Amino acid sequence: MKRTSIAILPQVCLLLGVGVFAATAETSITLPVGTEIAVRTIDRISSKTADLHKEYAGTLDDSIVVDGVTVVPENTNAVLRVVDKNHGSLSISLIALIINGHRVDVNTDKIDSRRGSTAKRTAIGAGAGAGTGAAIGAIAGGGAGAGIGAAVGAAAGGIFGHMTAKPVEVAPETRFTYRLSAPVELNRQ
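Everything in the sequence shown is counted per the working numbering, starting at 42 for the first residue and increasing by one.
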């Protein structure tokens, strides 16, 4: 009798283990390409000080709903990253969501933020530089000097206009809406 009990015990444990596994198995749902995810920034992000390797905090502004079921609730933590920057613009992407304490990486489009019109400032700078250069060239070398001075002044003014672009600053509580560029599989319990 003891031999039979010992031989049956592993089989019973195996059956119980399978039953426990089936009861706790996770189901998953896939967020398709194009799913919109609305995020509010928490951190202030400036083109002057932004770090391309730093992660910036945000939260979901709206729940993510699939087929009428909320799969990710609003106020879920979000992770943003500056993917491109210069003095007058920032490109920011949503790179992850923190769902039930687990990081879920996502691929999204990027949002470009700009301050003022760099092109307008460049044109104004070029125009002012050309006028100043022409005046100096005319005094120094007559008509030909005015043309050369205008060209040099326009180039210098254009560079100055581009360099004086004001930095972009994204304030906390700024809302961005991203779209998934790759599907994301979420495990649900």
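Beta carbons are placed, not taken as given, at the ideal position from N, Cα and C, and that holds for glycine. Everything numeric in this text was worked out from a predicted model, so none of it was measured.
Span of the beta strand (DSSP E), counted from its first residue to its last, around residue i
i: I83; result: Note, I83: premise wrong, no beta strand (DSSP E); not H, not E.
i: G99; result: E96 to L101
i: L239; result: There is simply no residue 239 to check, as the chain begins at 42 and stops at 230 in what is shown.
i: T218; result: R216 to R220
Euclidean distance between Cα positions of residue i and residue j
i: G129; j: P208; result: 5 Å
i: G109; j: A79; result: 17 Å
i: H143; j: E96; result: 16 Å
i: V106; j: V225; result: 14 Å
i: I133; j: R220; result: 12 Å
i: L93; j: D153; result: 14 Å
i: A119; j: T100; result: 5 Å
i: T159; j: N228; result: With a pLDDT of 42 at T159, under the threshold of 50, the modelled position of this residue cannot be trusted, and the question is left open.
i: V123; j: V147; result: 15 Å
i: D84; j: P213; result: 5 Å
i: L138; j: T111; result: 15 Å
i: V113; j: S88; result: 30 Å
i: D125; j: T149; result: 14 Å
i: I86; j: T215; result: 10 Å
i: T117; j: E77; result: 15 Å
i: K151; j: S104; result: 20 Å
Local Cβ density within 10 Å of residue i, reported as buried at 16 or more and exposed below that
i: H69; result: Note on identity: in this sequence residue 69 is Ser, with His being the wrong assignment. Exposed, since its Cβ has fewer than 16 Cβ neighbours within 10 Å.
i: T82; result: buried
i: G75; result: exposed
i: A91; result: buried
i: T71; result: exposed
i: S222; result: exposed
Residue i Cβ short of 6 Å to the ligand FAD heavy atom set
i: V225; result: The ligand FAD is not part of this structure, which contains no ligands at all.
Paired residues, beta bridge with residue i - DSSP
i: D153; result: S132
Point to revise | Contained beta strand (DSSP E) runs [length at least 3] in the region 94 to 151, N- to C-terminal order | key: 96 to 101, 105 to 107, 110 to 113, 118 to 127, 130 to 140 and 143 to 146
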